[in-house]
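S.K.: With the first letter of the first sequence counted as 1, position 458 gets the number 463 in the numbering used here; the numbers rise by one all the way through.
All residues carry an ideal CB built from backbone N, CA and C; glycine is no exception.
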Amino acid sequence: MTTEQSPDVPPKPVADYRASLNLPKTGFDMKANLTQREPAILARWKTENLYQQIRARQHTRGKWVLHDGPPYANGDIHMGHLINKVLKDMVVKYRTMQGHDAPYVPGWDCHGLPIESAIQKELGPKMRELSAGEIRLRCRDYAMKYVKLQSESFERLGILGQFDKPYLTLDPAYEGGVLDVLGSLLQRELVFRQRKPVHWCTFDQTALAEAELEYSNKKDTSIFVKFTMDLNSGSWPAAWGTKPQHAHVLIWTTTPWTIPANRAVAVHPEHQYAVATYEHNGPQVLILAAKRIATVMLQAGIAHYRISDSITGADLIAAGISYTHPLESSRRQPIIPAEYVTLDDGTGLVHIAPGHGTEDYQTGRKAGLDVYCPVLADGRYDQSVPEFLRGQSIWQSNEPIVQHLAAAGLLFHRQEIQHSYPHCWRCRKATILRATEQWFVRAGGNSPLLQQAKTFIEEVQWIPAWGKNRIAGMLETRPDWCISRQRSWGVPIPAFFAPNGEILLTEKSVRRVADYVRQHGADSWYTHSPQQILGADQWVDTALTAEGTTVAEHPFHTHELRKGNDILDVWFESGASHHAVLEATHPELGYPANLYLEGSDQHRGWFQASLLEAAGYRDTPPFKQILTHGFIVDSHGHKMSKSQGNDIKVSDALKQNGADVLRLWVASVDYQDDMPCSKELLERTSDAYRKIRNTIRYLLGNLYDFDLQENQTVPQEHSIDTWMLGRLAAMTAEVHKAYNQYEFHKVFRALYDFCNVDISTIYAKAIKDRLYCELPNDPRRRASQSVCAKLLLYLVELCAPILVFTADEVCRITHDVPGLKAMFGDSIHTHTFSPPPQPVAPELLAHWETLMPLVQDGLKQLDALKKASGLGNPLDSEAVITVPPDHPMAGLMTNYGRELEDVLGAGFHRIIPGDKLAVEVIDTREKYPSCARSWKRRPDVGSVAEYPDLSARDAAVVKALSQTLVN
RNA sequence: GGGCUUGUAGCUCAGUUGGUUAGAGCGCGUCACUGAUAAUGACGAGGUCAAUGGUUCGAAUCCAUUCAGGCCCA
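Given below as structure tokens:
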């Protein structure tokens, strides 16, 4: 210890009383050093097998299950993972400490395109030489690598769960569970087969996913085509004037080759449509959007034309006029509504080919149109098109079609354009949209599945409440669910195809395959024969014919069957987890789960998939509560992205701050909204962490000689201890309420303010004198220590779900203090919350309500004295408290005076009668001597002759101590 | 473009059924202490409650529009 003093500081008093004080002592370091300390704690948890210990613990309350939504097993974890997993962990830890059995089984989504693409990239052209089975093996290794990597990252964040037995969607038991759900949907006749346009490469003859498209510029012929209206149908709108002899609707397209597949023309119901009339070999009458007429006429070089009044698209549809297919004069086709029609280009009337466009398809389905696709896998027209096109490649057909239209007088105008067009990422050739047979779940319109899902929504508690509205809106407009994908890495749709085109996919056959997959894994679909899989030479079952009808009791010869190549949409896989995990891979969890907790994007994703699949599997929803959180944004509220350079890497943040600080940050922001994050914000959180840590350190430091059994002392009624206990009771209630409603930012706020204001600013300051200066066993000291022990207990308990490492560290420190050993038991994480603290009598709290303003006033006066006369230390002042004799507190002020002196930090106090309850702070540097031990200036310093430099209290304490020393 | 959603001091959050000069903590600035000390305490400065318009005796709070974000679609 240094004894150096600067020359202008007066020499220290002769006697050094420091040793006679009870100064704080603790092994709990001020410096957290989380980056070093946390891994050590983590290692200990692993050796102790903490997760299993918690499972084996006596649970005073029932089971409570948070079912983990599986992150994708690809890449490092990012801030989104952090927020999600930490929120989940805080919930689980809170429920555990409430006494629930709250197991946490983490899961991973292991199948799907991103992994298959990564492997494809790795392998390059070699990919084509590999069988689906071989590709799947590599995909599996890839997925498992990232499961391990992410698993370690999650654990490093203090997330506790069954990481040694997670659920994986590539687990055969899980895959079997997925097929169980598919079987159940088949049983309820909710699965059907239908054409739908998908991106298609005619060179590779394969379907492409959105992610496999590369957009680049392409030259095309765009054409304006006149579709001849059938003026015998419907009724000519009066606003368009007298009905002409001939009229045409005018459409625009950049893909002339899709004209053969035209099945309708779409208009926007709210846009205005008019008639443009001009002369060209007689009067010409065109229908198009009023706003497009000028542009279109200019493009076609027609200078003179007349425009009629306009009507809305809705009125045009209502007029009910059909038109003639430009290449097939016998076809009459309708005009239908479509909201997506724009007036940015074209004519405001859109050529609809449901087999060759996604929007065309959707629009067509609503209007009940045939999904007609005359294009074969290699890009040639089939036999259903006009003769001049049969067998021709679509890539060579634009010109013949344009010529044909021109010859028929239907070509209004043509121009060459350059536009962004999707190309195949492998062969770089232009792709098309082509309708192919896909599997669907009947989940739109008035499907019973959808009805059931809607009733489920009502039975679930949505947090925040608007989540219900959001998902309800999504269900309202949702189409049937296309569950098939033309990929390799996933759970196969176990359909068998007979040589005559009959298909076997029934509840019975799927259940058989499910069992087979459970035994041999889904890879067996690719490596074993239909005979092996079905386990018989003949399989009698319902057959689906190529025409879409069913034939019951149809005998299939299994050796003739071919296995289908499609896999299930990965959302179907994860959406089956309510069965595949809660009942199949981890039946100890049980159905349903109490809570699903994910980002708000999962209203469309996992929540909806789960809801729909559960609706097709049973009659109760898979979750009781749904909690959603927002997304991480930067300090300006913009989304984080690598390309913007405003992203924060979890590994960096972890190195910089430690897991507990990151967890505290998660707790501190309102997750219902977007969550801003920046280095500065984490720095703030770090400050908050240090404050909490120091508060705990102060409490611990003053309990070094306290024994929970021996020294518990009830505080005197008028003591600041009582005020503190009142605050503790209020804080505890507030925090539990917030935890129960998952409002962690309120938990954080309450705990932080409690440390900052109630303990640090007010209480800790007030009790210093009695803790440090009184005899160790003095009742006032023991009472305050009793309160400190309570503060420590509740504070650490309530912090534990958030500050998992620090709480554990505190718990270990208490083990080293003999009197505190029993405080938290073996581990804070197997410990349950203490019963709420005893409430404090309201009248006692009311006393402090009236006294605290006096303290505020006193502090202002101290500040004024400091500025006016350099009074630096409040102990060099006295508080003169005036109280009217008839004031309700008058009789009590003798008790409260001493407490006020301490709360204010003054050296002395006097109570005098006055006309109002008030305090006056007086500089006593010239008035009283200072006690060398307590540093308080008071009149009784020197009153004990033996100790001329001490106040009466300190003299007595020192005397008593010296006597015990002698004995 | 559509559905849902957010916008209060530099930051994170409070602001009850619309009602006097809009609150807290942090951060910042100044000062004090040196017996919680890479701590602690005191005081202080910060806001036309995103903007505009409306309803009202009165609006951060209700309504409309706009602007700027976010998620999901198109």
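So who's on the other strand from P342, going by DSSP bridges?
M.R.: Numbered from 1 along the first sequence, position 337 holds the residue referred to as residue 342. Paired residues: V272.
S.K.: Look up L191 in the DSSP assignment and say whether it is helix, strand or coil.
M.R.: In the first sequence, residue 191 corresponds to position 186, counting from 1. It is helical.
S.K.: What are the uninterrupted segments assigned as alpha helix (DSSP H) that are 4 or more residues long and contained completely in the stretch 706-761, given in chain order?
M.R.: Fully enclosed alpha helix (DSSP H) runs of 4 or longer: 725-745, 749-758.
S.K.: Would a C-beta distance cut-off of 8 Å place A937 and A911 closer than the cut-off?
M.R.: For the purposes of this step, residue 937 is identified with residue 932 of the first sequence, where counting begins at 1. For the purposes of this step, residue 911 is identified with residue 906 of the first sequence, where counting begins at 1. No, the pair does not count as a contact, with Cβ atoms beyond the cut-off.
S.K.: Using 8 Å as the threshold, is the stretch 199-206 in touch with the stretch 441-451, meaning 3 or more CB pairs across them?
M.R.: Contact between the stretch 199-206 and the stretch 441-451 is present, because at least three Cβ pairs lie under 8 Å.
S.K.: By DSSP, does L509 sit in helix, in strand, or in coil?
M.R.: Mapped onto the first sequence, residue 509 falls at position 504. Three-state DSSP puts L509 in a strand.
S.K.: Is the beta carbon of H64 closer than 8 Å to that of H105?
M.R.: Translated into positions along the first sequence, residue 105 becomes position 100. Translated into positions along the first sequence, residue 64 becomes position 59. Cβ distance < 8 Å, so H105 and H64 count as in contact.
S.K.: Which whole runs of the beta strand (DSSP E) in the stretch 373-440 are 3 residues long or more, in chain order?
M.R.: List check, beta strand (DSSP E) in window: 416-429.
S.K.: Could you name each continuous alpha helix (DSSP H) segment of 4 residues or more that falls completely within the stretch 156-203, going from the start of the chain to the end?
M.R.: Listed in chain order, the complete alpha helix (DSSP H) runs (minimum 4 residues) inside the stretch 156-203 are 177-192.
S.K.: Pull up the distance between the alpha-carbon of L1 and that of K231, whole angstroms please.
M.R.: Nothing can be reported for residue 1: it is not among the residues displayed for the chain, which extend from 6 to 972.
S.K.: What are the start and end residues of the beta strand (DSSP E) that includes P918?
M.R.: Counting from 1 along the first sequence, the entry for residue 918 is found at position 913. That run of the beta strand (DSSP E) goes 913-918.
S.K.: With burial defined as no fewer than 16 other Cβ atoms inside 10 Å of the residue's Cβ, what is the status of Q388: buried or exposed?
M.R.: Position 383 of the first sequence, counted from the start, is the residue given in the question as residue 388. Exposed, because fewer than 16 other Cβ atoms sit within 10 Å of the Cβ of Q388.
S.K.: Among the residues of its own chain, which have a CB less than 6 Å from the CB of T174, if the five just before and after it don't count?
M.R.: The residue given as residue 174 occupies position 169 in the first sequence. Once the five neighbours on either side are set aside, the close Cβ partners of T174 are D114, C115, H116, E578.
S.K.: Where does G112 fall in DSSP's three states?
M.R.: For this step, residue 112 is matched to residue 107 along the first sequence. Note: G112 maps to strand in three-state DSSP.
S.K.: Kindly indicate which residue of G947, D774, A812, L667 has the alpha-carbon position closest to the one of R903.
M.R.: Residue mapping note: residue 903 aligns to position 898 of the first sequence, counting from 1. Nearest C-alpha to R903: D774.
S.K.: Measuring CB to CB, does M828 end up less than 8 Å from L800?
M.R.: Start at 1 with the first residue of the first sequence, and residue 828 comes out as number 823. Start at 1 with the first residue of the first sequence, and residue 800 comes out as number 795. For M828 and L800, no; Cβs fall outside 8 Å.
S.K.: What span of residues does the beta strand (DSSP E) with P560 cover, start to end?
M.R.: Here residue 560 is taken as the residue at index 555 of the first sequence, counted from 1. 555-562 is the span of the beta strand (DSSP E), which, as asked, contains P560.
S.K.: Of the choices K568, G610, P560, whose alpha-carbon is the least far from that of W576?
M.R.: The sequence position of residue 576 within the first sequence is 571, counting from 1. Minimum Cα distance to W576 is reached at G610.
S.K.: With K224 as the anchor, note down where its beta strand (DSSP E) starts and where it stops.
M.R.: Mapped onto the first sequence, residue 224 falls at position 219. Element bounds for K224: 218-235.
S.K.: Between which residues of its own chain and I697 is the CB-CB distance below 6 Å, once the five residues before and five after are set aside?
M.R.: As a position in the first sequence, residue 697 is number 692, starting the count at 1. Correct list, in chain order: C760.
S.K.: Starting from the C-beta of A693, find all residues in its chain whose C-beta is less than 6 Å away, skip the five residues before and the five after it, and write them out in chain order.
M.R.: The residue you call residue 693 lines up with position 688 of the first sequence. Excluding residues within five positions, the ones whose Cβ falls inside 6 Å are Y757.
S.K.: For the stretch 711-724 against the stretch 781-799, do three or more pairs of beta-carbon atoms, one drawn from each stretch, fall closer than 8 Å, so that the two count as touching?
M.R.: The stretch 711-724, when compared against the stretch 781-799, does touch it at the 8 Å Cβ threshold.
S.K.: Output needed for A581: all residues of its chain with C-beta closer than 7 Å, excluding positions within five of it in sequence on either side, in chain order.
M.R.: Start at 1 with the first residue of the first sequence, and residue 581 comes out as number 576. Around A581: G182, V183, V186, E618.
S.K.: Please specify which runs of the beta strand (DSSP E), each continuous and at least 3 residues long, are wholly inside the stretch 605-636, giving them in chain order.
M.R.: For the stretch 605-636, whole beta strand (DSSP E) runs of length 3 or above, ordered along the chain, are 628-634.
S.K.: Could you pull out every residue in the same chain whose Cβ sits closer than 7 Å to the Cβ of L118, ignoring the five residues on either side in sequence?
M.R.: One-based indexing of the first sequence puts residue 118 at position 113. If we look at L118 and ignore the five residues flanking it on each side, its Cβ neighbours are A214, A216, R492.
S.K.: Count the other CB atoms within 10 Å of the CB of W471; is the residue buried (16 or more) or exposed (fewer)?
M.R.: Within the first sequence, the letter at position 466 stands for residue 471. W471 is exposed by the Cβ-count criterion.
S.K.: Which same chain residues end up closer than 7 Å to D485 when comparing Cβ atoms and leaving out the 5 residues on each side of it in sequence?
M.R.: Numbered from 1 along the first sequence, position 480 holds the residue referred to as residue 485. Correct list, in chain order: F445, V446, R447, A448, G449.
S.K.: Excluding the 5 residues preceding and the 5 following L867 in the sequence, name in chain order all residues of the same chain whose CB lies nearer than 6 Å to its CB.
M.R.: The residue labelled residue 867 in the question sits at position 862 within the first sequence. Closer than 6 Å at the Cβ level, and outside the excluded window around L867, lie P879, V926.
S.K.: Rounded to the nearest angstrom, how far is the Cβ of V908 from that of A734, given a contact under 8 Å?
M.R.: Numbered from its first residue, the first sequence carries residue 908 at position 903. Numbered from its first residue, the first sequence carries residue 734 at position 729. That belief does not hold up - the Cβ atoms of V908 and A734 are roughly 19 Å apart, past 8 Å.
S.K.: Does the beta-carbon of S221 have 16 or more other beta-carbons within 10 angstroms, so that it is buried, or is it exposed?
M.R.: The residue you call residue 221 lines up with position 216 of the first sequence. S221 should be labelled exposed.
S.K.: Distance, Cα to Cα, Y109 vs E180?
M.R.: Indexing the first sequence from 1 puts residue 109 at position 104. Indexing the first sequence from 1 puts residue 180 at position 175. Looking at the two C-alpha atoms, the distance is approximately 21 Å.
S.K.: By the three-class DSSP mapping on this structure, what secondary structure does P16 have?
M.R.: Here the question's residue 16 lines up with position 11 in the first sequence. With a pLDDT of 43 at P16, under the threshold of 50, the predicted position of this residue should be treated as unreliable, though the coordinate-derived value follows. Reduced to three states, the DSSP call for P16 is coil.
S.K.: Between which two residues does the beta strand (DSSP E) harbouring H852 extend?
M.R.: Position 847 of the first sequence, counted from the start, is the residue given in the question as residue 852. Here H852 belongs to no beta strand (DSSP E); instead the alpha helix (DSSP H) covers 847-874.
S.K.: Under 8 Å by Cβ, that's how I've got I406 and P261 pegged, so tell me the actual separation to the nearest angstrom.
M.R.: On the first sequence, position 401 is the one that residue 406 refers to. On the first sequence, position 256 is the one that residue 261 refers to. I406 to P261, Cβ: 5 Å. Contact.
S.K.: Closer than 8 Å is the cut-off here; do at least three beta carbon pairs connect the stretch 141-159 with the stretch 588-605?
M.R.: These segments do not touch.
S.K.: Which residues mark the beginning and the end of the beta strand (DSSP E) in which Q973 is found?
M.R.: This structure cannot speak to residue 973, because the chain is shown only from 6 to 972.
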